[in-house]
Every structure is written in structure tokens, then in C-alpha cells.
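A.B. asks: Here it is, the structure in full.
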Amino acid sequence: MSQLNIYNTLTRKKEKFEPINPPFVGMYVCGPTVYGDAHLGHARAAITFDIVYRYLKYLGFKVRYVSNITDVGHLENDADEGEDKIQKKARLEEVEPMEVVQHFTIRYHDNMARLNVIRPSIEPHASGHIPEQIELVEKIFENGYAYESNGSVYFDVLKYNKDHNYGKLSGRKIEELYETTRKLEGQQEKRNSFDFALWKKADEKHLMRWNSKWSNGYPGWHLECSAMGMKYLGKQFDIHGGGIDLQFPHHESEIAQSVAAYGSEPVKYWMHNNLITINGQKMSKSLNNFITLYELFSGENSLLKKEYSPMTVRFFILQAHYRSPLDFSNDALLAAEKGLQRLIAALETSEKLKTSEKSTVDIKKIINSAFDALNDDFNTPIFISFLFEAVKMINFIRIGNETITQFDLEELKKFLNASVFEILGFKNEKSSDTDNLKLSSDLINLILNIRLDAKKNKDFATSDLIRNKLTELGIVIKDTKEGFEWDIN
RNA sequence: GGUGACUUGGCCGAGUGGUUAGGCACCGGUCUGCAAAACCGUAGACAGCGGUUCGAAUCCGCUAGUCACCUCCA
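Each number in this note's numbering corresponds to the 1-based position in the first sequence with 36 added.
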């Protein structure tokens, strides 16, 4: 079997994954800014790195997974230039900024739990790491890569670029940045338009503010990830992930900050997931064309034909490679829903298979091919396609076109369970065993047995009446040779 | 304007210089009292135009279209 290879944005190549300090792996992923509900795009990032986390653990690595909650700092692009996002929302609703943060953090966690995303090992809040961020600014200052201007501190990109390479991650050149950087508030304080803030002096309206030797203010846009990544994973760690839209300037600047402060490259493998588009356009808060996860789960959005379960969303996302753009559509979600059902149904079928003396199927080949795909930069679509080969195999065995030995069947089941639940992180959405469910299921069985009797007596009027009424209630009846099976729709 | 990427069958979406990705839909079949569900099966593609090659959807060039980053963003 092959070894894990990861596409590294820094080198633009797939590289063999070799942790700095095996068997430990440090992974940092840029988390959400909690000033609104998570949308499909957040789900993609979270699920992408959930797979990375799950698979690394499956491979036996000891992973520390850090993902931040951004609750302070980032500037907004509208009339309120310079005003903090969290603060703006708070002003609108007349609540405390931290109240907004708490509200949306809880909802974010709830969404992620429904998607069966494993919580990171550490989820640091930016607001809880102000001293660390200030310390980092001081360090950069001491090393001569920052300057103070009117109470704010800026990163001296030009100076840094003389000694290092600003633009290595995103493939940008300083000369190009001269012409293309937009005019923003505070520009006159900077030596160059592409310099970025490390510490920003707060104006009198600003609610979220902290004291520092430079001014009463708040930390710059890119600082928190550098500071918190360093604190929990060290000055050099293995994987840093995030959306492709963070590549520049956010991640580029993170590298610069770390190198400027400590002279060492902070991250070995940079990973970026692509975006979800809607009608071919990026889904984002600023474009206001996003579908929140709550809407997706409930169907309450005019773009949605129906509601889609969290596992359907998960499957939809994993059926595309994480580095490709993925376009939202109802048809695609519907297809994902069906496909996932078939996969889960085959897992149930695999529990009922009869075994034989000989196997006519090649389990090893499927398993090896599947893992080869996963090892090739987490190619989940190909991985899933091999799961469907296994689905077909299971169904063939059931109808007697193929046979399998006890040993092979155990191997196959082990593989499928590990793949579907442990690695891909699906859960069976039907299996919530409550007393109520037990009672309903007994009742349905009772009614369907009455129907079976009616059928035996050729009383089709009764049997069809029962069938129609149960169908109306959303119960899918599956007549089989032995009798019946059923499912709640 | 600069940089990067994309264009695959009805829809979604992988991939590679020569061999069926896969899912959904459609159509055909098995099962059924009839259906449904389930399962099985067939068919269908690589934006256009040139070039390299024994052979290209896969490499190169041009054309058209789309997107992303350059501004907070997953």
C-alpha cells in the first residue's frame, strides 16, 4: 500500500507526509469568525480537515488539532471601515460583543456536531490570547520588521522582503503589490500600502479594546493564528489548513510574522480547501449569497427544494476533491442523498450475508485501491467510488452472483465500517434508539403483519388501503419474498 | 490590470498519454396480485481550432467562456 502524500501549497507539489516529530502531528486550521451562522462553506472547511484529522489518527499518528474561534479583530469592508466585525454586530443588536460571540459559537458547535465533525483538541479564542499576540508584536518590533505610527504598529513588508520572501506561499511579487493594493483607511499611516497592521489603535467608538504600550487598541488581522498556533503547537508544526481564500494575505502574512519573530518557517505543509460556489459564484457573507447550515438542515431558504440532512451534506462535500471548486445545486444534493442511502443500506446488507467455502471476490484489491486513493492527497471521491465497488460486491453476494468466505467477509466489514464511520465520519442518522421508537416500530410491524395476512387471503383492498395510508405517513414499505421490510422516510 | 485555476455524458464529479472512475437521473430486466422499494444491466463524455506523438480527453499553442486571489472571508 502507498504512503500518505499531501499537496503542499507552499511547493505546489504533492509531498510524502513526514511529520517533524513522529508519531506526533501538529495541525492548525483557521476557524470561523463568530458573528453569524455558519454556511455551507464553513462546513466544507471543517469537513475537509475533519477527514485529515480522522485519517491521520486512523494511521496511528498522535494528532493535536488546534482550530481557533475568531472573536475579535478583523476589519470590515463597508462604510464602517475600521470597525470590528463583532463590534458592528453588537452595536446593531445592542448586546455585548461577547454575547454575540457566545451565541454564534454555540450555534457553530451545534452545526458541527450535527455534521459529525470531531471537535479539535484545542479551540482557542482570539480574545483570550491578547497577551500572546502583544508579545509577538514586540518580538517582531525588536527584530526590526515593524514600525509604530500614530499608536498603531505595522509590519514592514518591504524590509522583510529584503531578507526573506514575502509572497512565497501565494506566488506574489512585491512589485505587483504596489499597483494592486486597494486604498484603505489608515493608509497614510503606513510606509507602503501593502504593509499590514499588527496592532491597531482603537478610535473612541471601538468597544473591543485592550491596553498595550503603543495604544489602547486591538490586534491586527493575521496575528491571532500566528500567536495561538505557536503557543499550542510550537514554532514549527506540521500542517496548517484553511480556505483557499485565506492563502493571501492571511497565510502569507502568518508566515512573515513567524519568520520575522523567530526566524523559522512555521509550517511544513500548507493545505487549502477550495470554495463552494452557488451558480458558479463563490458563496460568501460579503456577496450575501450563502445558505446557512441551519437553513440547509431545515429547508428554509428559497434556493432549497427541500431539507437535506447533515450526512447528506457531508457526503455531497466528500464526493468532490477538497481542492476543486464545488457547485451547489439541489440536484447534486439529491443525488448525494440517494447515494449515501445506498451505501448505508449495503452496510446493513453485509451483516446478513451468507458465507461460502470460497471467495470469488477480491477484497484485498478493493481495500488497497481505496487506501491508495486516500493516500493520494485525501482523494475522497475516488475512495468513495471504491466503497461503491464494495456495495456492488455485497449485493452480488446477496443475490448469489458471487461468494465470499467468512474470513473475507469479516475483512470487508471491518474495512467498510472503518471507512464509512471512522474515516469519512458518517453516522447512521436513523439509529436513535428511544422507547418511543421501539413502540412505533412494534406498531408498524403489527400493522404490516395484518396486511401480510390480508395479502395471503387475496384481500388486496385491505392490503392496499394499509399500504396507501402508511405511505401517506411517510413509511416506505418494501415487500420481499420473506414478507416485508420498512423504513421511515 | 497582475497572478492562479477551470471548461468532462441529462445533472454532479474523479482521473490519466494507450485499459469501464463513481454517484444521481433515464432506459431495459429481476422481484410483486399490481405497484413501490430494493437489486442487476445497457447506453452516453472529455469547450473549439491547430501542433507534438505510433497513439491525447490527458502534453504544447491559440481562441472562446467561467471562476478565484490581489479587500473581511471557509
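Every residue gets a Cβ at the ideal spot worked out from N, C-alpha and C, and that includes glycine. These figures come from a predicted structure and were not determined experimentally.
I'd like to confirm the pairing. Which residues does DSSP put opposite S185 in its beta bridges?
C.D. replies: Answer is S188, bridged to S185.
A.B. asks: Write down the C-beta distance between N411 and N41 rounded to the nearest angstrom, noting that I regard them as a contact closer than 8 Å.
C.D. replies: So it is a contact: roughly 6 Å between Cβ atoms.
A.B. asks: Alpha carbon to alpha carbon, how far is E54 from D413?
C.D. replies: Cα-Cα distance, rounded: 13 Å.
A.B. asks: Between K209 and P346, what straight-line distance do the alpha-carbon atoms span, to the nearest angstrom?
C.D. replies: Each residue's alpha carbon lies about 42 Å from the other.
A.B. asks: Where do the ends of the alpha helix (DSSP H) carrying A238 lie?
C.D. replies: No alpha helix (DSSP H) contains A238, which DSSP labels as neither H nor E.
A.B. asks: As an exercise, report each continuous alpha helix (DSSP H) stretch of at least 4 residues that is fully enclosed by the stretch 237-301, in chain order.
C.D. replies: Counting whole runs of 4 or more residues, the stretch 237-301 contains the alpha helix (DSSP H) stretches 259-269 and 288-298.
A.B. asks: Grab the span of the beta strand (DSSP E) containing E373 for me, first residue to last.
C.D. replies: Here E373 belongs to no beta strand (DSSP E); instead the alpha helix (DSSP H) covers N366 to S386.
A.B. asks: Given that a residue counts as buried once 16 or more other Cβ atoms are within 10 Å of its Cβ, and exposed if not, what is T507?
C.D. replies: When all chains shown are included, T507 counts as exposed.
A.B. asks: Could you check where the alpha helix (DSSP H) with I430 kicks off and where it finishes?
C.D. replies: Per DSSP, I430 belongs to the alpha helix (DSSP H) from T416 to I435.
A.B. asks: Should T328 go down as buried or exposed, given a rule of 16 or more other Cβ atoms within 10 Å for buried?
C.D. replies: Buried, since its Cβ has 16 or more Cβ neighbours within 10 Å.
A.B. asks: Helix, strand or coil: which one does DSSP assign to Q39?
C.D. replies: Of the three classes helix, strand and coil, the one that applies to Q39 here is coil, per DSSP.
A.B. asks: Where V153 and L76 are concerned, what is the direct C-alpha to C-alpha distance, given to the nearest angstrom?
C.D. replies: Computed Cα separation, rounded: 14 Å.
A.B. asks: Specify, as a first and last residue, the run of the beta strand (DSSP E) that Y101 falls within.
C.D. replies: Segment K98 to S103, the beta strand (DSSP E) holding Y101.
A.B. asks: Got a sec, what are the start and stop residues for the alpha helix (DSSP H) I142 sits in?
C.D. replies: Segment P133 to R150, the alpha helix (DSSP H) holding I142.
A.B. asks: Quick one: any contact between the stretch 331-339 and the stretch 286-306, if contact means 3 or more CB pairs under 8 Å?
C.D. replies: With the cut-off at 8 Å, the stretch 331-339 and the stretch 286-306 do not touch.
A.B. asks: DSSP on T84, reduced to helix/strand/coil?
C.D. replies: Helix.
A.B. asks: Using C-beta distances below 8 Å, list every residue in its chain close to F97, excluding the 5 sequence neighbours before and after it, in chain order.
C.D. replies: Result list for F97: P55, P58, P59, F60 and V61, in chain order.
A.B. asks: If I follow the unbroken beta strand (DSSP E) through M63, where does it start and stop?
C.D. replies: F60 to V65 is the extent of the beta strand (DSSP E) around M63.
A.B. asks: Taking T69 as the reference, which of K50, S38, V136 and F85 has the closest Cα?
C.D. replies: The option with the nearest alpha carbon to T69 is V136.
A.B. asks: Return the CA-CA distance between K49 and E225, expressed in angstroms with no decimal places.
C.D. replies: Those two C-alpha atoms are separated by around 39 Å.
A.B. asks: What is the DSSP secondary structure of N404, reduced to helix, strand or coil?
C.D. replies: N404 falls in the helix class under three-state DSSP.
A.B. asks: Taking buried to mean at least 16 other C-beta atoms within 10 Å of its own C-beta, is S386 buried or exposed?
C.D. replies: S386 is buried by the Cβ-count criterion.
A.B. asks: To the nearest angstrom, report how far apart A126 and S455 are at their CA atoms.
C.D. replies: Answer to the nearest angstrom: the Cα atoms are 43 Å apart.
A.B. asks: First and last residue of the alpha helix (DSSP H) that includes D444?
C.D. replies: It spans Q442 to N453 - the alpha helix (DSSP H) in which D444 sits, taken as one unbroken run.
A.B. asks: Going by the beta-carbon positions, is the gap between V189 and L234 smaller than 8 Å?
C.D. replies: Result yes, Cβ atoms of V189 and L234 sit closer than 8 Å.
A.B. asks: Just to confirm my understanding: we take N179, look at its own chain, exclude 5 residues before and 5 after, and list those with CB closer than 7 Å. What are they?
C.D. replies: A296 and A297.
A.B. asks: Measure from the alpha carbon of V2 to the alpha carbon of each residue in L501, D500, E518 and W522, then state which is nearest.
C.D. replies: Beyond the ends of the chain as shown, which are 37 and 525, falls residue 2; an answer cannot be given.
A.B. asks: Using C-beta distances below 6 Å, list every residue in its chain close to F232, excluding the 5 sequence neighbours before and after it, in chain order.
C.D. replies: Excluding residues within five positions, the ones whose Cβ falls inside 6 Å are F191 and S289.
A.B. asks: Locate the alpha helix (DSSP H) running through M347, then write down its first and last residues.
C.D. replies: Run containing M347: P346 to L354, per the alpha helix (DSSP H) assignment.
A.B. asks: Can you tell which of P255, A409 and G278 has its C-alpha closest to the C-alpha of R80?
C.D. replies: Here the closest residue by C-alpha is G278.
A.B. asks: Out of curiosity, what's the CA-to-CA distance linking T441 and K321?
C.D. replies: Approximately 54 Å between the Cα atoms of the pair.
A.B. asks: Check the DSSP bridge columns for K318 and list the partner residues they point to.
C.D. replies: DSSP, once it has assigned bridges, lists T313 as partnering K318.
A.B. asks: Helix, strand or coil for S499? Go by DSSP, reduced to three states.
C.D. replies: DSSP places S499 in helix when its eight states are reduced to three.
A.B. asks: Assign F85 to one of two classes, buried (16 or more other C-beta atoms within 10 Å of its C-beta) or exposed (fewer than that).
C.D. replies: The residue is buried, with at least 16 neighbouring Cβ atoms inside 10 Å.
A.B. asks: Starting from K175, trace the alpha helix (DSSP H) both ways and give me its first and last residue.
C.D. replies: Where K175 is concerned, the enclosing alpha helix (DSSP H) stretches over I166 to E178.
A.B. asks: Around the C-beta of D120, are 16 or more other C-beta atoms found within 10 angstroms, so that it is buried, or is it exposed?
C.D. replies: Looking at its Cβ environment, which holds 16 or more other Cβ atoms inside 10 Å, D120 is buried.
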